[in-house]
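Note sheet for the following structure.
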Amino acid sequence: MSISVSSTPFRRSLRSKLQALRDVPVGSWFLGAALAVLLEWYIGPALAYALGLGQIPAIFGLSLILKKPWLIPSVLLYLVLIYGLPLAVMARLSAGLIRRLEARLSTGVYVGLHLVLLFFLLWAWSSADDYRLLVIRLLAINILATMSLNIVNGWMGEFSVSVAGFMAVGAYVSSVLMVWGFVNDDVFGPPVFPPQLAPMAFPIVLVIAGAVTAFSALAVAIPSFRTRGDYLAIITLAYVFIVRSFFENMEFIGGPRGFMNQPEVAGFPMVFFWTVFGIWVMRNYVTSILGKATNAVRDNESAAEMMTINTRAVKITAFLTHAFWAGVAGGLYAHVIGYINPATFDIRRSAEILGMLYLGGLNSITGSLLGPVLFMFLSEVLRPFQLLKWLVIPVILIYAMIRRPRGLMGFQELRIPFLERRRIAREEEKLHGAAGD
Amino acid sequence: MSQIAQQVFNALQLGSFYALIALGYSMVYSILMLFNFAHGDVFMVATYIGYFVAVGLLGLVAASMLPLPSWALFVLTLVLTMFLASFVGILVELVAYRPLRDAPRASAAITGLMVGIFMETGVLALLGASRKDFPALIPPQTFQLGPIYVTNLKILTLGMTLLLLVLLYLLIHHTKLGMAMRAMSFDYAVVPLLGIPMNTVISFTFALGSALAGAAGILYGMSYPVLDPYMGVIIGWKAFVAAILGGRGSIFGAVVGGFMLGAIEILVAATMPSTMRDLIAYSIVLLILTFRPYGLFGEEYSARLRL
Amino acid sequence: MALLEIEGLTHWFGGLRAVYNFHTRIEPGEIRGLIGPNGAGKTTIFNLVTGYYRPTEGRIVFLGRDITGKRPNEIGKLGISRTFQNLRLWTHLTALENIMLAYYGQIRYGLIGAFFNTRRRQEEEARIEVEAMDLMRMLEIETYAHRVVSGLPYGIQRKVEIARALATKPKLLLLDEPTAGMSPAEMLETMEFIQFVRERFNLTIWLIEHRMKFVMNLCNWIQVLNFGEVIAEGPPDVIRDHPDVVRAYLGEMVEI
Ligand SMILES: Nc1ncnc2c1ncn2[C@@H]1O[C@H](COP(=O)(O)OP(=O)(O)OP(=O)(O)O)[C@@H](O)[C@H]1O
Ligand SMILES: [Mg+2]
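Protein chains in written order, with the numbering used here: chain A, 303 to 739; chain B, 58 to 364; chain C, 478 to 733.
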């Protein structure tokens, strides 16, 4: 690897600018974003019209860049006026105030508050446009699937490709339950329960779907006791094919033609909640000793066994956790799109999620977020290319893999300055406490 | 009885395709410890190359610029296709694997998958979604051997496969490059001692695997004359599974695995609804690997490292 | 009651007989030595005792319980821990994480605690962290706590490995060539260190070593292995002059 020329004046000034940006509290950015959303809400359409964009650019005008390059100046102007300016102004103005406010918050309240803010921001932003609403939900679902895959491929160091199969099981189980329970359907007849209850039942159905998926994942988890690496990869591959073929043979739920009629229960709040909840649970897991044992299995399995780590339990838990959340992601997907078929979840989908994972980085929660975001960003820019998109994306991913074989954030986490300061403070407290006795 | 014999021929035919493609996976694995996830799509591209070669040559024959009997036409198509296909493999290695030689193997797996997607999309974009019909290079004929009927295509497929296997054996055991390949599968370090650059050996291996995939493509195209850009996904992954079934990196195992998968599939197809074929076949594979985690002829290596 | 009792232990690797009819009886508080030329089968015996291999024949009894054929993590929980001939740390993790993970067998909070970050988990892990830090302080490696182990000096890595072994709260500690790759000065230090650890944690120690001086000074009883069989055993002075031992080692005995 070449040593980057990090000492040029340009790079240095860039770095100090970046540092300055990092010092702006997250809350200030959120305030800026809130202002941007409000602005877009009130003057966005008018501005877009005035600039000749017709309507507000759905995803930052990304897909316009290639389709109608002559609109780029207008798009840029729109982005600067609606997003850039409020962000910059608010970040500047409110930084001091927010910092003072932050200092009074406990860590838990800080995180909770930011999540609530993030939720309303994203909700408000995406409600302005149906396409946005779709993309953001798909992004959240991909994040959930990627993070779950990261447990097995990143933290535990296996190479599993069964994520599409897990999503398929979750999607089918949840769809069948929801349609049987809450929809008047040709196959399942009249709803068993009052349809109004559907939104409330959906979380339960998702948990059931996840649990069924996890159960089916025993088919790959148990062989993992005796084999690792390539052979396990094949077993996970076989799983994908088996699942696909299984649903193709289920004629009563449409077979290869697919299954539809899912009730509309996966709105943005539902998807957001499950994604955040899933990431939280998985984060808890991988930071606990029980979960970090996956790292021990990866780095040296025999030493793990002899240091009292129950490697079988670790493997089962990792695979089942992956399967559960991938199943939930599949269930959400089915209800966001409202139609699934076995081909939706073929090996190609696994390849996509793997691409997101390895782009973002192994063994990293930040990577599991970043990978899908970048991937979908790319996919959005290239959308006008339609089919050819799939010529460009592989090339970009290959290039990324060659430049950063461990992914962008492999084995690293983004450190939020506030939380970092709190952590250091805690460490120091511990040191003093220990020195006291 | 004749039913069974008939099915044996079918199994051997299907197994031939799988074996020829599986070899490509296994040979690359044996020297690089890496699965070439793009190989299925190499097979697909090779089949399309074969299609164009065949159409081109037939065109020449029709314009009476190439007065050749049909068997010679077939051989010429086969050789030309194998030759051209080998470059596809070399290219794939150059783009997807060489830059990642020292990277984690999973990263190389990702680039392999991506090259595969690239090739599928590329063919789709160039040729459109419409399926191509592989021309009949040899007029189909049916022979009667006692109570059973076989087409000349089945015999040709099987015969060509056996011939190629023998040639491959001779190549690996009696040429310098072949020996370097075998040496490399034991130990990287010895290859420079043979006076052959490692990269040459690697390219040669990819070329060999792709050429065999090319041969499989021609034989496949003649038997199932409908080509589409996703055929590599379907046949390729199965051949891959066959390679594993035989035992990772074992050339003998790849052939046996290929024929075995062919047999399993034909057996399932003969006794159950045809849609169940993949379901049962892959379930059997999963079971076999659960109880013989290192394949039929592969050796256990990484799970229990010496202390 | 003996701490560890082994009867008729035999192990074959395919056609290779690595250990043959090995017997021993280790009493609490001993420092026991196992020596022998390369490939004699010493490490294999440790691997059998810790459950990494299932013996072809024989019985291993620890604290009155038959542990033959039990899984390594169970044996570890019963109180046998070890270090490895070649370091086997978890290379991507920090020193502290390496040690904390060895508390795995003592964790009570379960998966619910892990997934939902319950108070109980937080308390347990906080306690484990304090204990692990105490261990590191005792071995004087606490300054390396938050460094990734693969970047640490070799000697420190060795200590981290010992700390990790101690974290499982063993009664019997197996050390496989603890001074491999050390200078004579470091070796002396390690000798003291092992004495210290034994007393501090009330341990019984069984060690494999090639350095005669080390074994002779430290151990109260030594067994000599050659081609998987015990060819001599006794207190250090007996072993030192034993003709079979000298023969088995040929020139190697001359060393220090
Ligand atoms: N997993 C294994 N498979 C096959 N043979 C093995 C295995 N482990 C050890 N052996 C063989 O068993 C014999 C004993 O090996 P062992 O590692 O126990 O020797 P040792 O006494 O520890 O030697 P050293 O002093 O070199 O560490 C050797 O001949 C070795 O090659
Ligand atoms: Mg040894």
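Think of the CB as a built atom: it goes at the ideal place given N, C-alpha and C, for glycine as much as any other residue.
The model shown is predicted, which means the values in this text are computed figures rather than measured ones.
Applying the 10 Å Cβ sphere with the 16-neighbour rule, what's the burial state of residue i?
| i | result |
| --- | --- |
| A:S304 | Low confidence applies to A:S304: its pLDDT is 39, below 50, so where it sits in the model is not reliable, and the reading given next is rough at best. So A:S304 ends up on the exposed side. |
| A:F554 | exposed |
| C:E732 | With a pLDDT of only 47 at C:E732, under 50, the local geometry of the prediction cannot be trusted, and the value read off the model is given with reservation. Its Cβ having fewer than 16 others within 10 Å, C:E732 is exposed. |
| C:E601 | buried |
| A:A405 | exposed |
| B:W128 | exposed |
| B:L364 | Low confidence applies to B:L364: its pLDDT is 34, below 50, so where it sits in the model is not reliable, and the reading given next is rough at best. Under this definition B:L364 is a buried residue. |
| C:L493 | exposed |
| A:F422 | exposed |
| B:Q198 | exposed |
| C:E676 | exposed |
| A:P565 | buried |
Can you determine whether any heavy atom of ligand 2 sits closer than 7 Å to the C-beta of residue i, and answer yes or no?
| i | result |
| --- | --- |
| C:I685 | yes |
| C:T560 | no |
| C:D653 | yes |
| C:T744 | With chain C represented from 478 up to 733, any question about residue 744 of chain C goes unanswered, as that position is not in the structure. |
Who are residue i's beta bridge partners in DSSP?
| i | result |
| --- | --- |
| C:H488 | C:V496 |
| A:G491 | A:D487 |
| C:G711 | C:I699 |
| C:W683 | C:R509, C:L651 |
| B:R365 | Since the displayed chain B opens at 58 and closes at 364, residue 365 of chain B lies outside it and no answer follows. |
| B:I205 | B:L202 |
| C:S558 | C:L650 |
| C:D543 | C:V538 |
| C:R502 | C:E482 |
| B:Y82 | Answer is none; B:Y82 lacks a bridge partner. |
Short of 7 Å in beta carbon distance, which residues of its chain neighbour residue i, apart from the five on each side in sequence? Order them along the chain.
| i | result |
| --- | --- |
| B:I205 | S59, A62, Q63 |
| B:Y108 | K189, F191, G278, L284 |
| C:T469 | Lying before the first or after the last residue shown, residue 469 of chain C is absent from chain C, which here runs from 478 to 733. |
| A:M552 | none |
| C:G506 | T681 |
| C:Y586 | T595, R597, R598, E601 |
| B:I408 | Residue 408 of chain B lies beyond the range of chain B shown here (58 to 364); nothing can be said about it. |
| B:L194 | A111, S127, L130, F131, T134, M279 |
What residues in its chain sit with their C-beta under 6 Å from that of residue i, if we drop five residues either side in the sequence?
| i | result |
| --- | --- |
| C:R536 | E484, T545 |
| C:F490 | none |
When you measure from the CB of residue i to every non-hydrogen atom of ligand 1, does any distance come out below 7 Å?
| i | result |
| --- | --- |
| C:T527 | no |
| C:I515 | Here the sequence assigns Asn to residue 515 of chain C, which means Ile is not the residue at that position. For ligand 1, at least one heavy atom lies less than 7 Å from the Cβ of C:N515. |
| C:T656 | no |
| C:L493 | yes |
| C:F743 | Since the first and last residues shown for chain C are 478 and 733, residue 743 of chain C lies out of range. |
Might you give, ordered along the chain, the residues of its own chain that have their beta carbon closer than 8 Å to the beta carbon of residue i, omitting 5 neighbours on each side?
| i | result |
| --- | --- |
| B:Y316 | Residue 316 of chain B is actually Phe in this sequence, not Tyr. Answer for B:F316: A68, L69, G72, S73, Y75, A76, listed in chain order. |
| A:L424 | I438, F570, F574 |
| C:G582 | N550, G553, K554, T645 |
| A:G354 | L373, S376 |
| C:I503 | A479, L480, L481, E482, R509, L649, T681, W683 |
| C:V626 | L566, W567, T568, L570, T571, A572, N575, Q634, V637 |
| A:A749 | Nothing can be reported for residue 749 of chain A: it is not among the residues displayed for chain A, which extend from 303 to 739. |
| B:L221 | L77, L269, A272 |
| B:V367 | Because chain B is modelled from 58 through 364, residue 367 of chain B falls outside the range shown and cannot be assessed. |
Can you find a CB in chain E that lies within less than 8 Å of the CB of residue i?
| i | result |
| --- | --- |
| C:F593 | Although the question refers to chain E, the structure presented lacks it and instead comprises the protein chains A, B and C. |
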